[in-house]
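Everything below concerns the one structure shown next.
Numbering (UniProt numbering), first residue to last: 1 to 145.
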């Protein structure tokens with residue numbers, strides 16, 4: 001299976017801007033820019049690559065965990081997964097992503113904290129986006145609501 005997204009960029013890095021489109025149509029012509037990546041654009045909505053990676057990681061992780069919980073006979077009522085992607089200056093210039101920190105709260109009847117954390121850790125390691133992020137630290141803080 002393949003999925004795709006398209007980025008169109010016009011202009012220089014700091015003064016230019018672009019749009020992002022997804023195959024599914026979940027968003028089309030979504031604006032993004034250098035300024036929007038690092039500072040508020042006075043009300044202009046936009047996104048950035050790091051935010052999209054965070055959304056992909058949180059979504060993939062939650063789906064993977066829901067599968068493991070169902071297999072365990074303890075399906076979740078709700079999983080709230082947040083991924084915080086950290087990026088900053090890289091040695092030698094430019095920028096780099098250094099971590100994706102997963103913060104999870106789950107409402108899961110019939111499971112104890114230890115088993116919940118075990119399955120959450122398994123999902124952290126097993127979700128395809130975590131695997132794709134293998135070059136960076138992926139951390140997890142999981143708790144039951």
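Here a beta-carbon is modelled for each residue, glycine too, at the ideal position from N, C-alpha and C.
Distance CB(residue 65)-CB(residue 114) smaller than 8 Å:
To locate residue 65, count along the chain shown from 1; it is residue 65. To locate residue 114, count along the chain shown from 1; it is residue 114. Contact flag unset, no.
Next on the checklist: Could you pull the DSSP bridge partners for residue 31 from this structure?
Outcome noted: Looking up residue 31 in the chain shown gives position 31. DSSP lists 19 as partners of residue 31.
Problem - Distance, residue 21 Cα to residue 75 Cα - result: Within the chain shown, numbered from 1, the residue matching residue 75 stands at position 75. Within the chain shown, numbered from 1, the residue matching residue 21 stands at position 21. Cα to Cα, the separation comes out at about 34 Å.
| request: Helix, strand or coil for residue 26, going by three-state DSSP, please let me know. | output: Locating residue 26 in the chain shown gives position 26, counting from the first residue. The answer is coil: DSSP assigns residue 26 none of H, G, I, E or B.
Task: Boundaries (first-last residue) of the beta strand (DSSP E) holding residue 104 - done: Position 104 of the chain shown, counted from the start, is the residue given in the question as residue 104. Here the beta strand (DSSP E) through residue 104 covers 95-107.
- Under the rule that 16 or more other beta-carbon atoms within 10 Å means buried, what is residue 4, buried or exposed? Position 4 of the chain shown, counted from the first residue, corresponds to residue 4. Exposed is the call here.
Selection from 117, 107, 86 and 121 that minimises the alpha carbon distance to residue 136: Your numbering for residue 136 matches position 136 in the chain shown. Here the closest residue by C-alpha is 86.
Endpoints, alpha helix (DSSP H) assigned at residue 49: Here the question's residue 49 lines up with position 49 in the chain shown. Unbroken alpha helix (DSSP H) run through residue 49: 49-71.
- Figure out for me which residue from 142, 139 and 47 has the closest Cα to the Cα of residue 27. The residue given as residue 27 occupies position 27 in the chain shown. Residue 27 has its Cα closest to that of 47, out of 142, 139 and 47.
Task: The alpha helix (DSSP H) enclosing residue 119, as first and last residue numbers - done: Here residue 119 corresponds to residue number 119 of the chain shown, with the count starting at 1. Here the alpha helix (DSSP H) through residue 119 covers 113-126.
Exercise for the section: Enumerate in chain order the residues of its own chain whose CB-to-CB distance from residue 98 is below 8 Å, with the five nearest sequence positions on each side excluded. Expected result: Counting from one through the chain shown, the residue named residue 98 turns up at place 98. Closer than 8 Å at the Cβ level, and outside the excluded window around residue 98, lie 86, 87, 88, 136 and 137.
TODO: Go ahead and label residue 129 buried or exposed: buried means 16 or more other beta carbons lie within 10 angstroms of its beta carbon, across all protein chains shown.
DONE: Along the chain shown, one-based indexing puts residue 129 at 129. It counts as buried.
- What is the rounded straight-line gap between the Cα of residue 108 and the Cα of residue 67? As a working mapping, residue 108 is identified with position 108 in the chain shown. As a working mapping, residue 67 is identified with position 67 in the chain shown. C-alpha separation (whole angstroms): 13 Å.
Evaluate residue 106 with the Cβ neighbour count: other Cβ atoms within 10 Å of its Cβ, from every protein chain shown; 16 or more gives buried, anything less gives exposed.
On the chain shown, position 106 is the one that residue 106 refers to. Residue 106 should be labelled buried.
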